[in-house]
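Engineer: Sending over a structure as structure tokens; questions will come in a sec.
Here it is as structure tokens:
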């Protein structure tokens, strides 16, 4: 069914079609992807029915605790909804470039923004609705009609966070401009992903992380009368999930109110022509000042400075690279708790981190070169440029890890030196693999860099694991009381790491 | 003859599955502005990319200032600057930083590069934007900055692929003035353009390429003499339209 041209329904259909084309894959992939996804989704209904059928009824006394757990889950989901809402808002209002076209048409401007916010919300909510549907629909078959409230909760919750995201977008765009707002949205999205991971690892990070102690800690905080008590307003969203009609109605009304306020505000923002001011900020330029550059430096210096400037000025990429440090935190905590494996574990972790950072930076610097033709058209020797690029990737990593390595050497000279050796070797090998295997790509495809280059991905992974294993076994073998068994394993893992490097070299891309 | 020739293509060919350039013979004299014209897909960009050393010809030889591009690429590239239609820039660099980098690639001494960079930015009206990242620049500003980068090492041969595409009248005038000034000071320019009036007014000689072959070459008067005359557009259409 198609809406009448010019109507809000018609506009919403257009928005959803744009969403599908922007977020779907290439046409060839879409043809087979949709039936596969649909089949998988229907299959999930069966799995959910099978599991829920055997689930015992939740006693009313436990419902408040279910509401607490549901609220915590919704808070986590809110971070994803908010960051997705930010990205979608920047795209739909400032990047897609069709707002002017729509505003110049006879369509009422208020309905344009109503539909646009609605489309942003639906675009974000659809993932969560699809994920919840098998559970809710299966629940219907076994008599849990109240679970239908989940759909309303997801829609209301997404509306609230997307509306807030759009309001923040307008504020940020006013202050920073559309481009920087997009970067903020991307960084928030990366942090949201890391946050979920850290929450999942909370038990490992806590100083006393036995299940009994955690239960005790929670019970202490939710006792009656405290702000976190089960009947507290804080758990409102969770109570709505459990099917409480009053709480659900409150949530839906809050979402509608915020939606209408946001539409009004967005409409006002555009009608007052503020977006024009935003887009002209950059064009003004600064008054002429004395121009000074640092000319006459060696090719190595010139390339190093250029690469480091480009990385330092790309906060989105930088955040994606540095978030790898965050992912290793739980590993570090786990390793440090175990006396026996502390030094080998730290060595393996640092080696893996070094290799992983080196892979990422080398990809950015070598494969994602913005102007390869400029380099190739210049008389500069490509081998010097390539060496300088490897140096540009490796130096920051070694500088970053110098402090923990110095600490390790101060603790135990032999262990520390072995650690230094494996870290440096892993960093260099990962950089060389990137240099030999990297395929030209744009910086914006950083998160998708593994796709379509499976050999490089496998070589990277095996090489990284090989060096990490070498570090672990070598340092264990160097510990007092260890036998030759570890030394043999060290030899095997080292051979594996070197073989992958050889494979990377043997299958390298030939470049000018 | 060779002492007066800035660029010489001897029987150059390039295939991408099908022929892109076939047995191309071309000579551009020193100190001249040469316009290479042709319909879309005629092989103009491929020819320029081979001259710039970005593509190796499948057959034939390219000489820049008498230097063989195949055997002495670094020496040949030292004399060239190449400006494609899509400027080769870094979004996260400021104009002066970009010029520093390009000067470094061509090994320009600080004593030459620093004043030249300031002069070029001034000339191209980019000094006011010297402290902004190029990602916020308009198409015209990007094109002008790329041109400044191309001129930072005072190349003897300037190769430009559609240099005026997307420029407003003022920016186009600045670029044209800069090219004429380069030729006046003894430099050589070879450019492609679809704006035939530009070639008509600026070029000393014009080459017309079709299906990878040079089908006509000469001054505008010489080309007119080969056809029924008229404007360059008339001449071009007569020469390139199917018989």
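Chains as they are written, first to last, in our numbering: chain H, 23 to 534; chain Y, 130 to 372.
Glycine included, C-beta positions come from ideal geometry on N, C-alpha and C.
What's the call for residue 281/Y, buried or exposed, on a 16-neighbour Cβ count within 10 Å?
Structural biologist: Per the 10 Å Cβ criterion, buried.
Engineer: Can you check the segment 314-355 of chain Y for any beta strand (DSSP E) of at least 3 residues that lies completely inside it and give the ranges in chain order?
Structural biologist: Runs found: 317-321, 334-339, 342-347.
Engineer: Measure the alpha-carbon distance for residue 420/H versus residue 198/Y and round it to whole angstroms.
Structural biologist: If you take the alpha carbons of residue 420/H and residue 198/Y, they lie about 40 Å apart.
Engineer: With DSSP run on the structure shown, which of helix, strand or coil describes residue 462/H?
Structural biologist: It is coil, neither helix nor strand.
Engineer: Let me confirm a value: residue 476/H is counted as buried when at least 16 other C-beta atoms fall within 10 Å, else exposed. Which label applies?
Structural biologist: Exposed: under 16 other Cβ atoms inside 10 Å.
Engineer: Count the C-beta pairs between the segment 334-347 of chain H and the segment 440-459 of chain H that are closer than 8 Å, then say yes if the count reaches three, no if not.
Structural biologist: As far as the Cβ criterion goes, the segment 334-347 of chain H does not touch the segment 440-459 of chain H, which means the pair count is below three.
Engineer: Among 211/Y, 275/Y, 212/Y, which residue has its Cα nearest to the Cα of residue 223/Y?
Structural biologist: If we check each option's Cα against that of residue 223/Y, 275/Y comes out closest.
Engineer: On the premise that residue 330/Y lies in contact with residue 384/Y, defined as a C-beta separation below 8 Å, what is that separation, rounded to the nearest angstrom?
Structural biologist: Nothing about residue 384/Y can be read from this structure; chain Y reaches only from 130 to 372.
Engineer: Residues of chain Y with a CB under 9 Å from the CB of residue 328/H: which are they?
Structural biologist: Chain Y residues near residue 328/H: 219, 222, 226, 227, 229, 230, 233.
Engineer: Please go through the segment 172-252 of chain Y and give each complete beta strand (DSSP E) segment of 3 or more residues, from N-terminal end onward.
Structural biologist: Correct list: 188-193, 209-212.
Engineer: Enumerate in chain order the residues of its own chain whose CB-to-CB distance from residue 303/H is below 7 Å, with the five nearest sequence positions on each side excluded.
Structural biologist: Per-residue confidence for residue 303/H stands at a pLDDT of 44, beneath the threshold of 50, marking its modelled position as unreliable; no derived number is given.
Engineer: Whose C-beta lies closer than 7 Å to the C-beta of residue 328/Y among residues of the same chain, with five residues either side of it excluded?
Structural biologist: 164, 166, 322, 335, 361.
Engineer: List the residues of chain H that residue 206/Y touches, going by C-beta distances under 8 Å, in chain order.
Structural biologist: Neighbours of residue 206/Y on chain H, chain order: 399, 400, 401.
Engineer: If you scan the segment 130-190 of chain H from start to end, which runs of the beta strand (DSSP E) of 3 or more residues do you find wholly inside it?
Structural biologist: Whole beta strand (DSSP E) segments, 3+ residues: zero.
Engineer: At a cut of 8 Å, does the segment 350-357 of chain Y reach the segment 181-192 of chain Y through at least three beta carbon pairs?
Structural biologist: They do not touch, by the three-pair rule.
Engineer: Per DSSP, which one or two residues make a beta bridge with residue 166/Y?
Structural biologist: Paired residue(s): 337/Y.
Engineer: Expressed to the nearest angstrom, what Euclidean distance is found between the alpha-carbon atoms of residue 189/H and residue 157/Y?
Structural biologist: Taking the straight line joining both Cα atoms gives about 60 Å.
Engineer: Assign residue 148/Y to one of three DSSP states: helix, strand, or coil.
Structural biologist: Residue 148/Y falls in the strand class under three-state DSSP.
Engineer: Sorted by chain position, which residues of the same chain lie with C-beta nearer than 7 Å to residue 146/H's C-beta, five sequence neighbours on each side aside?
Structural biologist: The residues are 103, 106, 107, 110, 180, 184.
Engineer: What residues from the segment 141-171 of chain Y come within 7 Å of chain H, judged by C-beta to C-beta, listed N to C?
Structural biologist: Going along the segment 141-171 of chain Y in chain order, one finds no residue with a Cβ nearer than 7 Å to chain H.
Engineer: Quick one: does residue 284/Y have its CB under 8 Å from some CB of chain H?
Structural biologist: No, residue 284/Y lies away from the interface with chain H (no Cβ there is under 8 Å from its Cβ).
Engineer: Give the C-beta separation of residue 221/Y and residue 204/H to the nearest angstrom, bearing in mind that I take them to be a contact with Cβ-Cβ under 8 Å.
Structural biologist: Rounded, the Cβ-Cβ distance is 14 Å, inconsistent with contact.
Engineer: Just the chain Y side, please: which residues come within less than 7 Å of residue 319/H by C-beta, in chain order?
Structural biologist: Per Cβ cutoff of 7 Å: 233.
Engineer: What's the gap between the Cα of residue 490/H and the Cα of residue 403/H?
Structural biologist: Distance between the alpha carbons of residue 490/H and residue 403/H: 34 Å.
Engineer: Indicate whether the contact test is met: 3 or more Cβ pairs, each with one atom in the segment 29-41 of chain H and one in the segment 134-144 of chain H, closer than 8 Å.
Structural biologist: As far as the Cβ criterion goes, the segment 29-41 of chain H touches the segment 134-144 of chain H, which means the pair count is three or higher.
Engineer: Listed in chain order, which residues of the segment 371-398 of chain H have Cβ atoms closer than 8 Å to some Cβ of chain Y?
Structural biologist: Those residues of the segment 371-398 of chain H that come within reach of chain Y (Cβ to Cβ, closer than 8 Å) are 392, 393, 395, 396, 397, 398.
Engineer: Using the C-alpha atoms, what's the distance from residue 428/H back to residue 218/Y?
Structural biologist: The alpha-carbon atoms of residue 218/Y and residue 428/H are separated by roughly 40 Å.
Engineer: Less than 7 Å between the CB of residue 338/Y and some heavy atom of the ligand GDP, yes or no?
Structural biologist: Absence of the ligand GDP is noted for the structure shown, with no ligands found whatsoever.
Engineer: How long is the line joining the alpha carbons of residue 141/Y and residue 193/Y, rounded to whole angstroms?
Structural biologist: C-alpha separation (whole angstroms): 14 Å.
Engineer: Could you say which of 341/Y, 317/Y, 326/Y, 370/Y lies nearest to residue 135/Y if we only look at CA atoms?
Structural biologist: Checked all of 341/Y, 317/Y, 326/Y, 370/Y; the closest Cα to residue 135/Y is 317/Y.
Engineer: Sorted by chain position, which residues of the same chain lie with C-beta nearer than 7 Å to residue 372/H's C-beta, five sequence neighbours on each side aside?
Structural biologist: Hits under 7 Å: 423, 426, 441, 445.
Engineer: Note down, in chain order, all residues in the segment 193-204 of chain Y with a beta-carbon under 9 Å from any beta-carbon belonging to chain H.
Structural biologist: For the segment 193-204 of chain Y, which is checked against every Cβ of chain H, the residues closer than 9 Å are 202, 203, 204.
Engineer: Strictly by DSSP, which residues pair up with residue 254/H?
Structural biologist: Answer is none; residue 254/H lacks a bridge partner.
Engineer: Where does the unbroken alpha helix (DSSP H) through residue 122/H begin, and where does it stop?
Structural biologist: Run containing residue 122/H: 121-125, per the alpha helix (DSSP H) assignment.
Engineer: Look up residue 135/Y in the DSSP assignment and say whether it is helix, strand or coil.
Structural biologist: Three-state result, residue 135/Y: strand.
Engineer: Under a three-way DSSP split, which group does residue 204/H fall into?
Structural biologist: Correct three-state label for residue 204/H: helix.
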